[in-house]
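A.B. asks:
Numbering (full-length UniProt numbering), first residue to last: 1 to 234.
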């Protein structure tokens, strides 16, 4: 647990469950994902000044990514950014869609269920900004929003072309190698999104789950996307 610098201006927050990322522009911070409910205390302990958080960007509407958004927003009013297709889930006005499990997913799902993660109550959060594909946010020299539905309807990736950094959310993971993320609603859409991300010019890839690849990530991502096969549903 704690914070670790990956590259200048880029850090990872290792949480009890999952992870989040921090981008720094001068004295201003952007928080990408917030962990499960209760992770806000860990994030506060890791950051020297929580008032420096200028925005919260949520990659998708699952408990381990937006679970502490409401609490962190309450600190100093940092606006919460979510794709429009997942905004109702984050606001608490719609239920999340259940995943279509594959044979690969099933044992992992049973483990996650045993931890209570998919069923934990999440405090609803205000969504200040509804995102769309192609939006550009004011950090990292211009952060491009890429809509990659499939894991959820409103899943996004965030690309910083100036720095060649990509945040994949759960569209791609690095668990025993670079793979398609698990627990998806539409794997065909996921694969299309994976290939779209692999076409980007990247040096560093930050995953929702698994270790970031700090250097030389582009060829690794492209090879993984090229060779990935659709998983069989159960």
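Glycine included, every Cβ here is placed at the ideal spot set by N, Cα and C. No experiment lies behind these values; they were computed from the predicted model shown.
#1: Which residues in the same chain as residue 243 place their Cβ atom closer than 6 angstroms to its Cβ, once the five residues preceding and following it in sequence are excluded?
#2: Pull up the distance between the alpha-carbon of residue 38 and that of residue 3, whole angstroms please.
#3: Could you tell me whether the segment 188-205 touches the segment 163-176, where touching means 3 or more Cβ pairs closer than 8 angstroms?
#4: Please classify residue 23 as buried or exposed, where buried requires at least 16 other C-beta atoms within 10 Å of its C-beta.
#5: What ranges does the beta strand (DSSP E) occupy inside the segment 104-163, keeping only unbroken runs of at least 3 residues that lie completely in it?
#6: Are three or more beta carbon pairs between the segment 125-142 and the segment 211-230 nearer than 8 angstroms?
#7: Tell me residue 173's beta-bridge partners as DSSP assigns them.
#8: Taking the alpha-carbon of residue 36 as reference, which of 124, 26, 5 has the nearest alpha-carbon?
#9: Between the segment 25-33 and the segment 47-55, are three or more C-beta pairs nearer than 8 angstroms?
#10: Give the straight-line distance between the Cα atoms of residue 230 and residue 51, rounded to the nearest whole angstrom.
#11: Indicate the three-state DSSP secondary structure (helix, strand or coil) for residue 41 in the structure shown.
#12: Sorted by chain position, which residues of the same chain lie with C-beta nearer than 8 angstroms to residue 280's C-beta, five sequence neighbours on each side aside?
#13: Excluding the 5 residues flanking residue 78 on each side, which residues of the same chain have their C-beta closer than 8 angstroms to its C-beta?
#14: For residue 75, which residues in the same chain have their Cβ closer than 6 angstroms to its Cβ, ignoring the five residues on either side in sequence?
#15: Would you check if the distance between the CB atom of residue 156 and the CB atom of residue 59 is smaller than 9 angstroms?
C.D. replies: The answer reads as follows:
#1: Lying outside 1 to 234, the shown extent of the chain, residue 243 is not represented and no answer is given.
#2: Roughly 17 angstroms between the two C-alpha positions.
#3: Taking a contact to require three or more Cβ pairs closer than 8 angstroms, the segment 188-205 and the segment 163-176 qualify as touching.
#4: buried
#5: 129-131, 143-147, 156-160
#6: no
#7: 179
#8: Per the Cα distances, 124.
#9: yes
#10: 44 angstroms
#11: helix
#12: Coverage of the chain is limited to positions 1 through 234, which leaves residue 280 absent and any answer about it impossible.
#13: So the list reads 31, 53, 54, 55, 56, 72, once near-sequence residues are dropped.
#14: Contacts found: 50.
#15: yes
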